[in-house]
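Under the working numbering, the first residue of the sequence shown is numbered 27, with each subsequent residue one higher. Glycine is no exception: its CB is placed at the ideal position from the N, C-alpha and C atoms. Written out below as structure tokens is the structure these notes cover.
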Amino acid sequence: MRGRAIDVRKSAVLLIGAVVLTGCNDIDAAGSAPSKEAPKGTPSKAPATPTPSPGHRKLKPGAKGPDVQALQRRLKALHYDPGKADGKYGPSTQTAVWAFQAVNRLKQKSTLSASFWKALDAPKEPRPVAEKREKNRVDVDLKRQYLVLYKSGSPRLITHVSSGSGEYYCAKDRGATVARCRYATTGTGDFRTGRRASGWETSPLGQLYNPIYFNGGIAFHGALDVPMHPASHGCVRMPMHIARYFPDEVGTGVPVHVRRPR
Numbered sequence: 027m028r029g030r031a032i033d034v035r036k037s038a039v040l041l042i043g044a045v046v047l048t049g050c051n052d053i054d055a056a057g058s059a060p061s062k063e064a065p066k067g068t069p070s071k072a073p074a075t076p077t078p079s080p081g082h083r084k085l086k087p088g089a090k091g092p093d094v095q096a097l098q099r100r101l102k103a104l105h106y107d108p109g110k111a112d113g114k115y116g117p118s119t120q121t122a123v124w125a126f127q128a129v130n131r132l133k134q135k136s137t138l139s140a141s142f143w144k145a146l147d148a149p150k151e152p153r154p155v156a157e158k159r160e161k162n163r164v165d166v167d168l169k170r171q172y173l174v175l176y177k178s179g180s181p182r183l184i185t186h187v188s189s190g191s192g193e194y195y196c197a198k199d200r201g202a203t204v205a206r207c208r209y210a211t212t213g214t215g216d217f218r219t220g221r222r223a224s225g226w227e228t229s230p231l232g233q234l235y236n237p238i239y240f241n242g243g244i245a246f247h248g249a250l251d252v253p254m255h256p257a258s259h260g261c262v263r264m265p266m267h268i269a270r271y272f273p274d275e276v277g278t279g280v281p282v283h284v285r286r287p288r
């Protein structure tokens, strides 16, 4: 009888140990903190890293879901245009993200992590680029590659752009018989919007969508390629979904300030 009692006690101890071990495995898999009801004397374990909430998980192009849709709506509310709030992290959302990062002095990248979400909770206003601050104007920051359209003294639209690459190139101007060589730069200064065209316009350097000229042959225009870096021959490229309505928002004779702030 005594031997049988000892065997029963051993079985009970082994069973309890198995339950405890199984519980730890479930806790680790769930990513939760260890149970407060763990038996005394059990070695403490560091809490597992909590899983980010849906609105603050890492996002990168191609991501889908309600948290992407929430991001799009938030950007839209802050006057950035990520395109349709469809819950898909595509090119339009990506360029809006770049503009937000530029205004908030964050490193421009497509993968969104903790620093981005923190800035999104407490966003900064874009800094005026010039001393002249007309209520209706366009500010262009060449250093950070973004544009701000002001209406009635407040930002109406903030968008990523791509300006002159600085590369040396040669091309014939309209009516010229000899090619002229120059650097692809977007000049700084104070200008006003002038001539415009609807739809695609063919220039000596390529096609421009809905161009609005503000400095000679330099224009705001839509382009199929608006990379993170300066890449144009001197014009200010903007995403196509923004270029479609930008002319409706900007009249003729509107001040344009182009700067390269520190």
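From G190 to G225, what distance separates their C-alpha atoms?
-> Position 164 of the sequence shown, counted from the start, is the residue given in the question as residue 190. Position 199 of the sequence shown, counted from the start, is the residue given in the question as residue 225. Roughly 22 angstroms separates the two Cα atoms.
Practice item. With a 10 Å radius around its C-beta and 16 neighbouring C-beta atoms as the bar for buried, classify S118 as buried or exposed. Key: Position 92 of the sequence shown, counted from the first residue, corresponds to residue 118. That one is buried.
C-alpha distance - F272 paired with A202, whole-angstrom precision | The residue you call residue 272 lines up with position 246 of the sequence shown. The residue you call residue 202 lines up with position 176 of the sequence shown. Their Cα atoms are separated by approximately 31 angstroms.
* Asked: Under 8 angstroms, do R163 and Y172 count as touching if we go by C-beta distance?
  -> Position 137 of the sequence shown, counting from 1, holds the residue named residue 163. Position 146 of the sequence shown, counting from 1, holds the residue named residue 172. Contact flag unset, no.
* For M264, does the three-state DSSP call read helix, strand or coil? -> In the sequence shown, residue 264 corresponds to position 238, counting from 1. Strand, per DSSP.
Requested in this report: Give, in chain order, every unbroken run of the alpha helix (DSSP H) that is at least 4 residues long and sits entirely within the segment 126–209.
Outcome: 140–147
Out of R285, L85, G192, state which residue places its alpha-carbon closest to the alpha-carbon of D216. Sequence index remark: in the sequence shown, residue 216 carries index 190 (1-based). Residue R285 is the option with its Cα nearest to D216.
* By a C-beta neighbour count over all protein chains shown, 10 Å radius and 16 as the cutoff for buried, is L250 buried or exposed? -> On the sequence shown, residue 250 is found 224 positions in, with the first residue counted as 1. Label assigned to L250: exposed.
Going by alpha carbons, who is nearest to M266 out of V280, P281, F246?
Residue 266 sits at position 240 when you count from the first residue of the sequence shown. Of V280, P281, F246, the residue nearest in Cα terms is F246.
_Short of 7 angstroms in beta carbon distance, which residues of its chain neighbour R170, apart from the five on each side in sequence? Order them along the chain._
Locating residue 170 in the sequence shown gives position 144, counting from the first residue. Within the same chain, R170 has close Cβ partners A128.
When DSSP builds the beta bridges, which residues end up paired with Y106?
On the sequence shown, position 80 is the one that residue 106 refers to. Looking at the DSSP assignment, Y106 forms a beta bridge with I184.
query = Would you call the CB atoms of V262 and T212 closer than 8 angstroms?
reply = Here residue 262 refers to the residue found at position 236 when the sequence shown is read from its first residue. Here residue 212 refers to the residue found at position 186 when the sequence shown is read from its first residue. Yes, the pair counts as a contact, with Cβ atoms nearer than the cut-off.
Runs of beta strand (DSSP E) lying entirely within the segment 212–237, each at least 3 residues, in chain order
215–218, 226–229
Q: Specify, as a first and last residue, the run of the alpha helix (DSSP H) that P273 falls within.
A: Taking the sequence shown and counting its residues from 1, one reaches residue 273 at position 247. Segment 272–275, the alpha helix (DSSP H) holding P273.
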